[in-house]
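Count along the sequence shown from 1, add 298, and you get the number used in the working numbering. Please read the structure below before turning to the comments.
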Amino acid sequence: MVSRSRLSRLYPSVFILFAVVFLTLGFLGIDHSCLDSADSAYLITSRALADGQMPYRDFLVAHPPLLFVLGAPLAWLGDGVVPFRVFILLLMLVMGVVVWRIAFKITANDKLAMFAGAITLFAPLGLFFSKTFLNDYLVSLITVLMILLLMGGSRRAIAAAGVLGILGTLTKLTFLPFLVVCVAYVLVFRRRQAWIFTAIALGGAVAAAAALQLVTNGGYLSDILGSQASKGFSLSNLLGGLHRIWLLDWPLIVPAWAGAWFAGRALLRHEQLGGQLKGRLFLLVGWLAAGVVVLGTLPAEGHDTNLFLVAEPAVAVLAAWGLVGLAERRTVVPIALVVLWLLAAVPALVDKSSDFFFRSNATDVAAIVAEAQNRTSDCQPVIIPGCYALESGHPVTMDFYDQFLWEEKYRRGNEDALAMFEGLRQEVAAEKSAVILFGDRQPSIDILEPQLDDHYQVDFNSEAWPPMTLWVPRETRAPG
């Protein structure tokens, strides 16, 4: 018979084993290409910052700057997108560790906490986006760290949570509902220390925004608020997003309902759990509620399932609570339900390995890259709006990285963006570009059409994703 003390030492070892497996598979599956336009936009902005350009002043950016500030040193490292992919994997690892500690503080159950951390690491939606450089991971990590510090309760922890509140507002606007939950928590459960958190988090956030507004000559708030206000809305985008979340994250959502039931029972029997249970469950419920608020923005144009990444760790805690709670009942039906979940959820994750750990579009991009390389010795300059095509450690181009962001301004009705294309028009008219590669339906094609018609011809249309059209100077002929 294994003693309880030996079991309590075993669970951290099991979690470390899960973490090692996660990192091993994550490193093996690192993608050398760029998977979507959001990923490429954030990579481009990080590179622009590393090259000395000022976001919001020199080009449009739709989100606060913390991710790009952290990404600039990664761009200096070189080696294409690999440093960015490693960075995201490490964020996910730290997030799993923090959720493990949060679950233990709520439940005082080593086994449940270990499963909550492990499920966070292997959560399907998180794995699906693990190959992309997105600020949703950073928002999620800041949120879970802030919740963990608030559960500590010391003045130092409360002050550190306030600093994280500032960082969250400097990452993405979707952080704001979670900040509201944390402010409500300290006002209700930490009244004596509430002023510390609110003064640092709210005062610091306002001061940081004012400083950025000054440094960028008024462009900071204009870009961010203007980008959000100019989005279109679609009910089908909401329904489609919720459907995609369900298809990916049902292995967490299903047992989370059982976890909610066990959490409700625990609230009635709080003497079985750790202290300050009401406050900690308040944070958990508020975390989920804030996630629902964020999902309410899904109808906005460009918003997608990645918004659920911020709430997914909270769902993982409830999912672990439900699975462990059923298993600990030690009767046939609950244990059978857990077994059925394992038989359905684990194969679903493994069968979709191409969408999770080893998700990649490198093969599709390879054909496009090969066509470009056949027509220029150094792959420069090649214009790729959104810079989708990154391969084997180096980008096909970064020369015109801000073109994608100019297009965003143009798409949102800013006619001044046309002037930003003037240098690019001159380059095209002078036939200095050996190859031009356009993504389908880009505004650049319309803006540069006269110069393209005079000097270039279409030479290649990709059938693979992402759809691209290759233009070459009229006197250039395809090899062979």
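Beta carbons are placed, not taken as given, at the ideal position from N, Cα and C, and that holds for glycine.
Would you report the Cα separation of residue i and residue j, rounded to the nearest angstrom?
i	j	result
S625	A505	Correcting the residue identity first, residue 625 is Ala in this sequence and not Ser. So the alpha carbons of these two residues sit roughly 50 Å apart.
N433	S344	12 Å
H330	V380	6 Å
Y708	S532	21 Å
P632	A317	28 Å
F427	G394	15 Å
F560	D547	20 Å
P741	M766	14 Å
W639	P549	8 Å
C480	M449	11 Å
F320	I543	22 Å
P693	A668	Low confidence applies here, because P693 scores a pLDDT of 40, under 50, leaving its location unreliable and the question unanswered by this model.
T595	R488	31 Å
F654	L500	37 Å
S690	F656	Confidence is the limiting factor: at S690 the pLDDT is only 32, short of 50, which leaves the residue's position unreliable and the question unanswerable from this model.
L536	L545	14 Å
V486	A492	9 Å
R454	N759	59 Å
L579	N672	60 Å
Should residue i be labelled buried (16 or more other beta-carbon atoms within 10 Å of its own) or exposed?
i	result
H601	buried
T322	exposed
D408	buried
D521	buried
Q724	exposed
D751	exposed
P683	Note that P683 has pLDDT 48, beneath the 50 cutoff, so the model's placement of it is unreliable and no number is given.
K576	exposed
T514	buried
V622	buried
L510	buried
E713	exposed
T629	exposed
A687	Since pLDDT at A687 reaches only 41, below the 50 mark, its modelled position is unreliable, and the value read off the structure follows with that caveat. Classification for A687: buried.
L315	exposed
D349	exposed
P371	exposed
S338	buried
L566	exposed
Who are residue i's beta bridge partners in DSSP?
i	result
A598	F531
F758	L768
Return the residue from the list the options that minimises the CA-CA distance to residue i.
i	options	result
A406	A642, R673, A564	A564
V615	I543, W585, M444	W585
V756	K576, A762, V770, V312	V770
A660	S311, I314, L333	L333
F313	P371, P353, A411	A411
L446	K403, G623, L566, Y518	K403
Y309	A348, Q671, L391, R399	R399
I745	Y754, L387, L722	L722
R383	G324, Q749, A339	G324
Q749	E720, S760, F758	E720
D662	E761, I743, W619, V726	E761
N598	A587, G538, A646, M390	For the sequence presented, residue 598 should be read as Ala rather than Asn. Checked all of A587, G538, A646, M390; the closest Cα to A598 is G538.
N604	I734, A497, T430, F495	T430
V437	P353, P362, I551	P362
Quiz item: Does the stretch 414 to 424 come within contact of the stretch 470 to 480, defined as at least 3 CB pairs closer than 8 Å?
Solution: No: fewer than three Cβ pairs fall under 8 Å.
Self-check item: Cβ contact check for the stretch 402 to 420 and the stretch 456 to 464: 3 or more pairs under 8 Å
Solution: When C-beta atoms of the stretch 402 to 420 are compared with those of the stretch 456 to 464, fewer than three pairs fall below 8 Å, so the two segments do not count as touching.
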